Amino acid sequence: MGIILKTGVLKVEQNQILERLTGYSSRINKKRGFFFVSKVIGKHIPCKPSLMRTIHKELADLIPKSRGKTLFIGFAEAATGLGQGVYEALNLDNSFYMHSSRFKTSHKVLLSFQEEHSHAPSHVFYAPKDKELQCLLNEITRVILIDDEVTTGNTANNLIMTLQKVLPQVKEYALVSILDWTTKKYSNFEIYSLYKGNFSFEENHEELATNIKSEAKDASSLEGIIPYNFARYATKKLDIDIKKYLNIEDLKSKKVLVLGTAEFMYVPYLLAQYLEDSGIETYFQATTRSPINIDGIITSKISFKDNYFENIDNFLYNVIDREYDKVIICYETTTLPKNFDLKEKLASKFDTQEVFFDI
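With the numbering used here applied, the sequence shown covers 2 to 360.
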């Protein structure tokens with residue numbers, strides 16, 4: 002099947018499993034002009050929380066059982082919520098979860114690595130804040146990486162080579178992904194996926210855009226802006242009373258979109274899941290710094306500066322051209338920049354509410 006995009010022609014095998022999991026668009030990125038747009042993680046396309054929960058369980062079921070103490074890792078930005086969902090679905094003892102971050106804080110850095118093809122290549126992992134998890138980190142014997150899509154496996158390989166230096170006692174590594182397009186067999190980790198396939202991409206060089214930089218030039222510590230640990234500093238079990246943030250009676254009989262912001266995805270997903278489980282028609286999605294064309298499955302786009310005081314262009318796809326009775330924007334940031342105007346842009350069409358989360 003050939004998908005004609007602005008940047009070239011993407012060819013994949015037509016398949017019902019693939020159709021369920023992904024759509025296609027084009028990146029504003031000369032390193033990689035195509036984009037597999039997940040239909041099931043709630044990032045670029047609105048998604049039912051119940052479908053996301055199903056995907057978490059399906060991925061968790063792929064992971065081999067082990068008595069070894071395990072570290073689960075999610076990749077920023079798109080897979081922070083996916084990774085935590087898979088970890089929570091397994092509900093294992095002697096394990097914990099953390100995700101990479103592109104935000105700078107004053108907390109101790111465990112390691113950093115580069116995602117070579119990305120619009121924002123720099124990732125950092127912070128050391129656990131909790132003393133119990135600090136001790137457990139040194140006893141970990143297995144590491145499970147979780148991502149929505151693996152194209153070459155280079156990112157996972159780069160991270161694992163760094164982890165081998167930081168955690169020399171770990172002998173077992175695995176990558177769990179919704180889609181696996183790798184052609185190379187890696188000797189240092191196994192890949193488990195819901196779909197394994199091949200693709201090819203014929204570039205239209207005239208349409209490949211110059212890269213948009215999505216990293217802060219002079220990053221300063223955001224300690225006061227993002228003081229809460231929702232998994233950036235590792236977590237064993239997230240304990241949060243999700244019901245206290247909304248009056249559910251106000252949402253009865255309404256079609257609701259819950260929005261996460263950037264890396265802050267899992268807690269807003271829990272809110273969306275609570276609303277759906279309460280009988281409210283609810284969808285989940287999140288903002289992103291990924292620059293994508295209006296192309297293929299991407300039908301609309303809102304641009305705005307981020308809510309983390311880094312003055313970086315952020316985007317919200319496939320929302321402004323849809324219909325909702327209520328849009329709820331969720332933040333881990335304690336305050337918002339003066340130039341952050343997402344609420345105003347959404348409020349021109351939707352009844353819009355903001356929720357600030359804490360622990």
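The beta-carbon is built from N, C-alpha and C at its ideal position, and this holds for glycine as well. In this text, all values refer to a predicted model and were calculated from it rather than measured experimentally.
- Of the residues 247, 339 and 322, the one whose Cα lies closest to the Cα of residue 347 is 322.
- When DSSP states are grouped into helix, strand and coil, residue 91 belongs to the helix group.
- Nearest neighbour of residue 67 by Cα position, chosen from 173, 352, 313 and 53, turns out to be 173.
- In terms of Cβ geometry, residue 293 and residue 36 form a close pair [threshold 8 Å].
- Secondary structure in the stretch 26–105: the alpha helix (DSSP H) runs of 4 residues or longer, each lying completely within the stretch, are 50–63 and 81–91 in chain order.
- About 7 Å separates the beta carbon of residue 198 from that of residue 19, a gap short enough to meet the 8 Å contact definition.
- In the same chain as residue 236, and ignoring 5 residues on each side of it, the C-beta atoms closer than 7 Å to its own belong to 97, 98 and 230, in chain order.
- A Cβ-Cβ separation of about 11 Å leaves residue 320 out of contact with residue 353 under the 8 Å criterion.
- Between the C-alpha atoms of residue 102 and residue 125 there is a straight-line separation of about 5 Å.
- Contact annotation: residue 262 and residue 283 have beta-carbon atoms that are not nearer than 8 Å.
- Around the C-beta of residue 312, fewer than 16 other C-beta atoms lie within 10 Å, and the residue is accordingly described as exposed.
- Under the three-pair Cβ rule at 8 Å, the stretch 52–67 counts as touching the stretch 81–89.
- Checking the DSSP bridge columns, you'll see residue 354 partnered with 329.
- Around the C-beta of residue 277, 16 or more other C-beta atoms lie within 10 Å, and the residue is accordingly described as buried.
- Residue 278: member of the alpha helix (DSSP H) spanning 267–278, first to last residue.
- As the crow flies, the alpha-carbon of residue 331 is around 38 Å from that of residue 2.
- By the neighbour-count definition (other C-beta atoms within 10 Å, threshold 16), residue 148 is a buried residue.
- For the set 254, 269, 222 and 247, the Cα lying nearest the Cα of residue 239 is the one of 269.
- Here DSSP, grouped into helix, strand and coil, assigns residue 15 to coil.
- About 40 Å separates the beta carbons of residue 187 and residue 225, which is beyond the 8 Å limit, so they are not a contact pair.
- Under the three-state reduction of DSSP, residue 170 is assigned to coil, being neither helix nor strand.
- Between the alpha carbons of residue 223 and residue 110 lies a gap of roughly 14 Å.
- Under the 10 Å beta carbon count, residue 296 is surrounded by 16 or more other beta carbons and is classified as buried.
- Judged by beta-carbon spacing, residue 22 lies beyond the 8 Å limit of residue 271, meaning their Cβ atoms are not closer than that value.
- Taking residue 128 as reference, the option from 145, 115 and 106 with the minimal CA-CA separation is 106.
- Counting only the Cα atoms, residue 170 lies some 8 Å from residue 140.
- Per DSSP, residue 264 is not a residue of any alpha helix (DSSP H), being assigned neither H nor E.
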